[in-house]
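Worksheet: the structure to be examined is printed underneath.
As structure tokens, this is what we get:
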């Protein structure tokens with residue numbers, strides 16, 4: 003279903019690492035996301051943050067206008083890279 007969409011919008015708050023957001027990015031969907039939790043780190047330049055739901059219409063228009071650039075900015079690390087980062091953070095690399 004995600005691959006049939008153009009963008010992904012999430013409203014989850016304080017989510018440290020949204021699997022749904024990661025799946026959307028892996029499917030090539032730029033995202034609009036609440037500026038909280040780990041969303042900004044996951045999305046990077048592949049989407050736009052929002053603070054209030056009233057911001058969504060203008061941000062959605064901007065995201066659509068920048069769709070190709072935002073899609074090109076999607077970076078989903080391979081599982082091996084993530085595991086290596088955890089090992090480094092724990093001092094086990």
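In my numbering, the protein residues as written are 3 to 95.
Idealized CB from N, CA, C, for every residue including glycine.
Asked	Found
Cβ-Cβ separation, residue 33 to residue 23 (assumed contact under 8 Å), whole Å	6 Å
Simplified DSSP state of residue 36, which is helix, strand or coil	strand
CB of residue 28 within 8 Å of CB of residue 78, strictly	yes
Extent of the continuous beta strand (DSSP E) to which residue 51 belongs	49-52
C-beta contact flag for residue 53 and residue 37 at 8 Å	yes
Chain-order list of residues whose beta-carbon lies under 7 Å from that of residue 85 (same chain, five-residue window excluded)	none
6 Å CB neighbourhood of residue 10 in its chain, flanking five on each side removed	26, 31, 33
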